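Peer 1: In this text, residue positions in the sequence shown follow numbering that gives the first Met the number 0: the first is 0, and each later residue adds one.
In this text, a Cβ means the ideal position worked out from N, Cα and C, and glycines have one as well.
Here the structure is a predicted model, which means the values were calculated and not measured.
To start, I am sharing the structure in question, which I have written as structure tokens.
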Amino acid sequence: MYSLKDKVVIVTGASSGIGKAAAYQFAALGARVVLVARRADVLAEVKNDLSQYGDSILTVPADVTKEQDLQNLYRTVLETFGEIDVLVNNAGISVGGEFQEHDADELRKMVEVNVYAPMRLAQLVLPSMLERKQGHIVNVSSVAGLVMSPGQTAYASTRSAVIAFSHALRREVSGNGVRVSLILPGWTRTPMLDKMDLDEMRAVKVLTPFTTLDDPSVPARAIVDSVLHNRRQVLLGGSQIWVADFMGRMSPIRITDWFYNFILDKAKLVKVMKDLG
Ligand SMILES: NC(=O)c1ccc[n+]([C@@H]2O[C@H](COP(=O)([O-])OP(=O)(O)OC[C@H]3O[C@@H](n4cnc5c(N)ncnc54)[C@H](OP(=O)(O)O)[C@@H]3O)[C@@H](O)[C@H]2O)c1
């Protein structure tokens, strides 16, 4: 098993939810953790909490959509620690509801945060990882990118893009010492879901006894495990998601379309998803 002791781990979106939980778990295993997000004050609080695990925690406030911030992040980590062992591309935002009603700027921002930023960060860290013949890139996507539900058209598209990115990149760099993992969390209790009504989610069957509503520590554990055990993909979300994914791949597309049109209440589903974000 791979040891995380003294490994340099960059976690984007470390000020909240899944990224913050992952930062705690990496630090508890002795990693040198680089906390990245826009809110410097929140990152400072997380760093303060993590001081119980040692003094090798670095905060780099950054907007991952800004090239200058990404360059600064890369430079600062190398100047401070000399190497990068793990990149966790976790920062993400969501927009839900009727696709045509999304604000154009919000739509662009989501594509930049969810798709462009993980790709660009991977581009920055890959040359040194390939040179050292060692490194691990973990991309956090979502089961939304597999099930492609109405009301999540734009968000699901960004999550599907990260699924394709992860599998293609893993195949491209395999054999060169660099590993790539994909994490697909299901519903997780983070600020991303703050505005969603759980009863309404149950009413439209996106939350059922066969789906999970996880604590952020669950996908965080999957992120850490994917590095420790070199997992290609970890699919969370519960048996309903696994069956939907399997059926979606094995049966004609029209069956899934029919399911959304006639088994679920599509109009209500889209309305419930409006609160995602
Ligand atoms: N929660 C769920 O149910 C769920 C399910 C499946 C997948 N996911 C995925 O899990 C990942 C984390 O989501 P979460 O639920 O933990 O969300 P969250 O609690 O809302 O956290 C999002 C994080 O992303 C950061 N971020 C947003 N925009 C950024 C930007 N432009 N530059 C830098 N950092 C930025 C935020 O920090 P600042 O605001 O400080 O910048 C925050 O730390 C996302 O990729 C999401 O798609 C979540």
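In its own chain, which residues sit with a C-beta less than 7 Å from the C-beta of residue 190, not counting the 5 before and 5 after it?
Peer 2: Here residue 190 refers to the residue found at position 191 of the sequence shown. Cβ neighbours of residue 190 beyond the five flanking positions: 15 and 16.
Peer 1: Does DSSP put residue 232 in a helix, in a strand, or in coil?
Peer 2: Residue 232 sits at position 233 when you count from the first residue of the sequence shown. Residue 232 falls in the strand class under three-state DSSP.
Peer 1: Would you check if the segment 133-147 and the segment 70-86 touch, i.e. whether three or more CB-CB distances between them fall below 8 Å?
Peer 2: Yes: the two stretches touch, three or more of their Cβ pairs being nearer than 8 Å.
Peer 1: Kindly give me the distance between the Cβ atoms of residue 24 and residue 230, rounded to whole angstroms, as I take these residues to be in contact under 8 Å.
Peer 2: Working through the sequence shown from its first residue, we reach residue 24 at position 25. Working through the sequence shown from its first residue, we reach residue 230 at position 231. At roughly 15 Å, the Cβ-Cβ gap does not stay under 8 Å, so residue 24 and residue 230 are not in contact.
Peer 1: Can you tell me the Cα-Cα spacing of residue 73 and residue 36, whole angstroms?
Peer 2: As a position in the sequence shown, residue 73 is number 74, starting the count at 1. As a position in the sequence shown, residue 36 is number 37, starting the count at 1. Taking the straight line joining both Cα atoms gives about 14 Å.
Peer 1: Going by beta carbon distance, what residues of the same chain come within less than 6 Å of residue 227, once the five residues before and after it are set aside?
Peer 2: Taking the sequence shown and counting its residues from 1, one reaches residue 227 at position 228. So the list reads 0 and 1, once near-sequence residues are dropped.
Peer 1: Which value, in whole angstroms, describes the spacing of the CA atoms of residue 180 and residue 79?
Peer 2: By one-based count along the sequence shown, residue 180 stands at place 181. By one-based count along the sequence shown, residue 79 stands at place 80. Cα-Cα distance, rounded: 26 Å.
Peer 1: Give me the Cα-Cα distance between residue 235 and residue 142, rounded to the nearest whole angstrom.
Peer 2: If you number the sequence shown from 1, residue 235 lands on position 236. If you number the sequence shown from 1, residue 142 lands on position 143. Their Cα atoms are separated by approximately 7 Å.
Peer 1: What are the boundary residues of the beta strand (DSSP E) that includes residue 56?
Peer 2: Here the question's residue 56 lines up with position 57 in the sequence shown. First-last of the beta strand (DSSP E) with residue 56: 56-60.
Peer 1: Given a cut-off of 9 Å on the beta-carbon distance, is the pair residue 125 and residue 177 in contact?
Peer 2: Sequence index remark: in the sequence shown, residue 125 carries index 126 (1-based). Sequence index remark: in the sequence shown, residue 177 carries index 178 (1-based). Against a cut-off of 9 Å, the Cβ pair of residue 177 and residue 125 comes out as a contact.
Peer 1: So, with DSSP's three-state summary, where would you put residue 205?
Peer 2: Within the sequence shown, numbered from 1, the residue matching residue 205 stands at position 206. Note: residue 205 maps to coil in three-state DSSP.
Peer 1: Tell me whether residue 191, by its Cβ, gets closer than 8 Å to a heavy atom of ligand 1.
Peer 2: Counted from its first residue, the sequence shown places residue 191 at position 192. Yes; taking the cut-off as 8 Å, the Cβ of residue 191 has a heavy atom of ligand 1 nearer than that.
Peer 1: Around the Cβ of residue 174, are there at least 16 other Cβ atoms within 10 angstroms (buried) or fewer (exposed)?
Peer 2: Mapped onto the sequence shown, residue 174 falls at position 175. Residue 174 comes out exposed.
Peer 1: Just checking my contact of residue 310 with residue 188 at CB under 8 Å: how many whole Å lie between their CB atoms?
Peer 2: Outside the shown range of the chain (0 to 276) lies residue 310, about which nothing can therefore be said.
Peer 1: Assuming the contact rule is C-beta atoms closer than 8 Å, residue 172 and residue 76 should be a hit. Round their C-beta distance to whole Å, please.
Peer 2: One-based indexing of the sequence shown puts residue 172 at position 173. One-based indexing of the sequence shown puts residue 76 at position 77. With 8 Å as the limit, residue 172 and residue 76 do not qualify as a contact, their Cβ atoms being about 20 Å apart.
Peer 1: Kindly indicate which three-state DSSP category residue 90 falls into: helix, strand or coil?
Peer 2: Your numbering for residue 90 matches position 91 in the sequence shown. Residue 90 falls in the coil class under three-state DSSP.
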